[in-house]
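Colleague: The listed protein sequences derive, respectively, from chains L and R.
With the first sequence counted from 1, adding 1220 to any position gets you my numbering.
With the second sequence counted from 1, adding 1220 to any position gets you my numbering.
C-beta atoms are modelled at their ideal positions from N, C-alpha and C, and glycine is treated no differently.
Being a predicted model, the structure only gives us computed values, none of them experimental.
Number of protein chains: 2
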Amino acid sequence: MVSDKVAIIGAGMTRFHHSLHIDKSAREMFIEAFTDCVGSVDKGMNHKDIEALFIANTVSELFEHQSHLSSLIPDWLGLLPIPSTRIETACASSSTALEMGVLAIASGMYDMVLVGGLEKMTALRTDEVTWALMSGMDQVYESPQGVSNPALYAMMGMAHFKKYGSSWDQLASISIKNHYNASLNPKAQYQSEVIDIAKKVGQKKGLSFKNEMDFLKSDANPYVAYPLRLFDCSPISDGASTLILASAKKAKEFTDTPIYISGIGHTSGTMSLHDREDLTTIPAAVEAGKRAHKMAVTKPKDIDLAMVHDCFTPAEMIATEDLGFFKKGEGGKAAEEGRTSLKGEIPINTDGGLKAKGHPIAATGTAMTHEIWKQLRGEADKRQIQNAETGLTHNVGATGGTAVVQIFKR
Amino acid sequence: MVSDKVAIIGAGMTRFHHSLHIDKSAREMFIEAFTDCVGSVDKGMNHKDIEALFIANTVSELFEHQSHLSSLIPDWLGLLPIPSTRIETACASSSTALEMGVLAIASGMYDMVLVGGLEKMTALRTDEVTWALMSGMDQVYESPQGVSNPALYAMMGMAHFKKYGSSWDQLASISIKNHYNASLNPKAQYQSEVIDIAKKVGQKKGLSFKNEMDFLKSDANPYVAYPLRLFDCSPISDGASTLILASAKKAKEFTDTPIYISGIGHTSGTMSLHDREDLTTIPAAVEAGKRAHKMAVTKPKDIDLAMVHDCFTPAEMIATEDLGFFKKGEGGKAAEEGRTSLKGEIPINTDGGLKAKGHPIAATGTAMTHEIWKQLRGEADKRQIQNAETGLTHNVGATGGTAVVQIFKR
Chain L
1221 MVSDKVAIIG AGMTRFHHSL HIDKSAREMF IEAFTDCVGS VDKGMNHKDI
1271 EALFIANTVS ELFEHQSHLS SLIPDWLGLL PIPSTRIETA CASSSTALEM
1321 GVLAIASGMY DMVLVGGLEK MTALRTDEVT WALMSGMDQV YESPQGVSNP
1371 ALYAMMGMAH FKKYGSSWDQ LASISIKNHY NASLNPKAQY QSEVIDIAKK
1421 VGQKKGLSFK NEMDFLKSDA NPYVAYPLRL FDCSPISDGA STLILASAKK
1471 AKEFTDTPIY ISGIGHTSGT MSLHDREDLT TIPAAVEAGK RAHKMAVTKP
1521 KDIDLAMVHD CFTPAEMIAT EDLGFFKKGE GGKAAEEGRT SLKGEIPINT
1571 DGGLKAKGHP IAATGTAMTH EIWKQLRGEA DKRQIQNAET GLTHNVGATG
1621 GTAVVQIFKR
Chain R
1221 MVSDKVAIIG AGMTRFHHSL HIDKSAREMF IEAFTDCVGS VDKGMNHKDI
1271 EALFIANTVS ELFEHQSHLS SLIPDWLGLL PIPSTRIETA CASSSTALEM
1321 GVLAIASGMY DMVLVGGLEK MTALRTDEVT WALMSGMDQV YESPQGVSNP
1371 ALYAMMGMAH FKKYGSSWDQ LASISIKNHY NASLNPKAQY QSEVIDIAKK
1421 VGQKKGLSFK NEMDFLKSDA NPYVAYPLRL FDCSPISDGA STLILASAKK
1471 AKEFTDTPIY ISGIGHTSGT MSLHDREDLT TIPAAVEAGK RAHKMAVTKP
1521 KDIDLAMVHD CFTPAEMIAT EDLGFFKKGE GGKAAEEGRT SLKGEIPINT
1571 DGGLKAKGHP IAATGTAMTH EIWKQLRGEA DKRQIQNAET GLTHNVGATG
1621 GTAVVQIFKR
């Protein structure tokens, strides 16, 4: 009933960054992303054509002591009095906002809506950000044990190593790939390959690294939560991203190349890791993938490229298995063999991923879709995947309490 | 396209209270409301028939340092792996969750969904609650001026007094009416009429009050923000409320008396009062009312009873005017004359309103609808409005940055 009824006619975002937006509030970043988005509409549009907003944000209550962004944003965009709703499902928030926009249009209530996400993380210190993000975990049963987000994903990685013989070297290859992809993406937070960072750090510290792995295994890449080192972790980022959705019928007025939302799978899973039988998979993501493919009438082999939730490198390894791109236990090996690179059989995180593109939490989902939009329209420049027709996004809230998989077609 | 396509087949809530739920976390209150809701379905149901959740919460990040309730709630309700989304539009949050549920079903994606709201406010001290709720105001331009929520509504009341000659005595009559209605509602926080409270307070303090107004004008009813006194303000409350929605077709399997959602008006307004031309009205609410009536094909005179957002007594006075029940400037007089009482021409807040039923912020919207559901089905006991066929809810986020008006029919 919903598949292909709604299309994306515009996509925009700020660059994701840790210092670039330091003087901007979240609302100002959102305006920047919105302006970029309106400018991307092929045949132009009047922003007053937008009938409703779905704004994703995770915890601006903690970052800026600002809730009720649903009111603030349309006010600042000059879009009053249209309806506006704030959506939150932890890291999956803006993928869920996209889903709400699709349902709202498919219901017949609206023809055109704006969806997007924003996060102003640098308003807090690093330790405070870790504290704020832990609010996405169970505050009664999980957080009090002293675990942090990197620690939880480190446990998932270790369980995978033990069960399947995967290795930290494989995880490092994911980080190297994502940094390479980000070096080709002007919207990415880090636009340097790991080898170039190694050279810079080496010069600064008077050290000489033989190659990337020599650098990544050195103290210059310190442990965050064993076995995860700094380069296994997505950074703290500020940013905003937006999409304009229209009914399939209306979309043709604005562009000859709309991107259709063909499949949506949104599921919930146990919030805490201690309630999972197996830490090497995220059951909610497996189920979300199945639901998305069922709606889109596709299979994993039909997907030309995918953006997956690599908040930490084990997450990407597990995602590529959960999504059926590789057999269980072989995701790390596949990455190491280059099968997920730009020239691989299934390019993963062509935009640099959360690892190198950045991860302003609630802005991530629609930013993943921003990359799919670029790729399916053939506008991804040096990171373009040839003849990409079908793309997938995989977004996970926290450690898998929420999972959203979405499939897009040209 | 959406009107009357979706019906309510069950409604449930906890009692709203300031101490009753002191040992329960938000999730436990939600389970209680859900159990009440499932039990209210006439022909019974299997909770596994629910396909999606829309959970409203305003700032549990600040109350319990808990975000990602969208994952926690289905986990605790035994509803994994169904999709779940957290919705926030300040005080209007669960009215918006109800709207999302309606759109989701109308889109054809689901046949049956659960919507609801929860808030655990007593997790903080009173001064901290005021601080937490101020996050719903603009943190750059309004909050730094030192205003609090009561102060903002006090300004709106004063502007109304000045422009229309309304009075604090009229506001007091709203408080007295709502306490009376709450005295007939077993789910209400306060189940005492003001006169009974006056007697109790009198005995305790060795004072004698001639009547309700003598009490309300005494120091026993202290100023909070001039001209608002304690009894002009809704209390701090814990609570949860839920509704089960089904497609109109499916609803008949579960009940012979579904309540249809006929009209929805959801709008945004300027977040800050300083951006309004006139403080005596909430433009977003006026527009939301128009939109809801347009969809439901009704007029104000068709409404048999209404639940309006009386976070502070001026809010109810203004709401009854904004909704077109009374001419601009005459809302206070109408209340004083009893025209909004249980036996009046348009009964307002038959459940006691936010003032006396309680106001656990995000639980309020679906609790308003809970009362409409009871009334339209003839199950409101001593507060029953005879032959009620069409009911309206009016919910406002903060001072009018969001407004949601919804119309329900038997």
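Per DSSP, what kind of secondary structure is R:H1614 in: helix, strand or coil?
Modeller: strand
Colleague: For chain R, is any of its Cβ atoms less than 9 Å away from the one on L:T1501?
Modeller: no
Colleague: Quick one: using the 10 Å Cβ neighbour count with 16 as the cut-off for buried, is L:G1585 buried or exposed?
Modeller: Classification of L:G1585: buried, given that the 10 Å Cβ count is 16 or more.
Colleague: What would DSSP say about L:V1360, mapped onto helix, strand or coil?
Modeller: coil
Colleague: Below 7 Å CB to CB, which residues in the same chain sit around L:H1486 once its five sequence neighbours on both sides are set aside?
Modeller: Answer for L:H1486: T1316, E1319, A1508, V1624, listed in chain order.
Colleague: Whose CA, out of L:T1533, L:H1267, L:N1607, lies closest to the CA of L:T1500?
Modeller: L:T1533
Colleague: Under 9 Å, Cβ to Cβ, is there at least one residue of chain R near L:V1349?
Modeller: no
Colleague: Pull up the distance between the alpha-carbon of L:P1294 and that of L:Q1286, whole angstroms please.
Modeller: 15 Å
Colleague: For L:T1346, is the classification buried or exposed, using 16 other Cβ atoms within 10 angstroms of its Cβ as the cut-off for buried?
Modeller: exposed
Colleague: Answer with buried or exposed for R:H1380, where buried requires no fewer than 16 other C-beta atoms within 10 angstroms of its C-beta.
Modeller: buried
Colleague: Apart from the five residues on each side of it in sequence, which residues of its chain come closer than 6 Å, Cβ to Cβ, to L:E1392?
Modeller: The residue asked about is misnamed: residue 1392 of chain L is Ala in this sequence, not Glu. Within the same chain, L:A1392 has close Cβ partners L1436.
Colleague: Taking only three categories from DSSP, how would you classify R:E1339?
Modeller: strand
Colleague: Pull the bridge partners of R:A1460 from the DSSP assignment, please.
Modeller: BP columns for R:A1460 point to R:L1338.
Colleague: Does L:R1496 come within less than 9 Å of chain R when only Cβ atoms are used?
Modeller: no
Colleague: Could you please tell me which residues of the segment 1296-1329 of chain R, in chain order, have their CB closer than 7 Å to any CB of chain L?
Modeller: Those would be L1300, P1301, I1302, P1303, S1304, T1305, R1306, I1307, E1308, T1309, A1310, T1316, M1320, L1323, A1324, A1326, S1327, G1328, M1329, in chain order.
Colleague: Here's the rule I'm using: 16 or more other beta-carbon atoms within 10 Å means buried, otherwise exposed. How should R:Y1446 be labelled?
Modeller: exposed
Colleague: Just the chain R side, please: which residues come within less than 7 Å of L:S1467 by C-beta, in chain order?
Modeller: Correct list: empty, because the minimum Cβ distance to chain R is about 11 Å.
Colleague: Using the beta-carbon of each residue, which ones in chain B are nearer than 7 Å to R:A1504?
Modeller: In the structure shown, chain B cannot be found, because the protein chains are L and R.
Colleague: Any idea if R:V1202 is buried or exposed, counting beta-carbon neighbours within 10 angstroms, 16 or more meaning buried?
Modeller: Residue numbering for chain R in the displayed model covers 1221 to 1630; residue 1202 of chain R lies beyond these limits and cannot be assessed.
Colleague: In chain L, which residues lie less than 9 Å from R:V1222 when you measure between Cβ atoms?
Modeller: S1327, G1328, M1329
Colleague: Counting only beta-carbon atoms, is L:E1284 nearer than 9 Å to chain R?
Modeller: yes
Colleague: For the beta strand (DSSP E) that L:S1482 lies in, which residues bound it at each end?
Modeller: Where L:S1482 is concerned, the enclosing beta strand (DSSP E) starts and stops at 1479-1488.
Colleague: For a quick check, are the C-beta atoms of L:L1543 and L:M1376 less than 9 Å apart?
Modeller: no
Colleague: Can you list the residues of chain L that R:L1391 reaches, using a CB-CB cut of under 7 Å?
Modeller: From the beta-carbon of R:L1391, no residue of chain L is found nearer than 7 Å; the closest lies around 25 Å away.
Colleague: To the nearest angstrom, report how far apart R:E1536 and R:M1341 are at their CA atoms.
Modeller: 23 Å
Colleague: Which residues in the same chain as R:I1568 place their Cβ atom closer than 7 Å to its Cβ, once the five residues preceding and following it in sequence are excluded?
Modeller: A1526, V1528, E1536, T1540, T1560
Colleague: Quick one, which of R:F1274, R:T1350, R:K1430 has its alpha-carbon nearest R:P1303's?
Modeller: R:F1274
Colleague: Would you kindly work out how many angstroms separate the C-alpha atoms of R:S1428 and R:R1449, rounded to a whole number?
Modeller: Each residue's alpha carbon lies about 19 Å from the other.
Colleague: When you check each C-beta in the segment 1595-1628 of chain L against every C-beta of chain R, which residues fall closer than 7 Å?
Modeller: Here the close residues are G1617, A1618, G1621, T1622.
Colleague: Compute the Euclidean distance between the alpha carbons of R:G1366 and L:L1292, then round it to the nearest angstrom.
Modeller: Roughly 19 Å separates the two Cα atoms.
Colleague: Apart from the five residues on each side of it in sequence, which residues of its chain come closer than 7 Å, Cβ to Cβ, to L:E1432?
Modeller: Result list for L:E1432: I1396, V1414, I1415, A1418, in chain order.
Colleague: Comparing C-alpha positions only, which one of L:H1513, L:I1394, L:P1442 sits nearest to L:I1538?
Modeller: L:I1394
Colleague: Can you list, in chain order, the residues of its chain with a C-beta nearer than 8 Å to that of L:I1325? Leave out the 5 residues immediately preceding and following it.
Modeller: K1225, V1226, D1331, M1332, V1333, L1465, A1466, S1467
Colleague: Starting from the beta carbon of R:E1281, find every residue of chain L whose beta carbon is closer than 7 Å, and list them in chain order.
Modeller: V1279, E1281, L1282, S1355
Colleague: Since L:K1407 sits in a beta bridge, which residues does DSSP pair it with?
Modeller: According to DSSP, L:K1407 shares a beta bridge with no other residue.
Colleague: Buried or exposed: where does R:G1426 fall if 16 or more other Cβ atoms within 10 Å of its Cβ makes it buried?
Modeller: exposed
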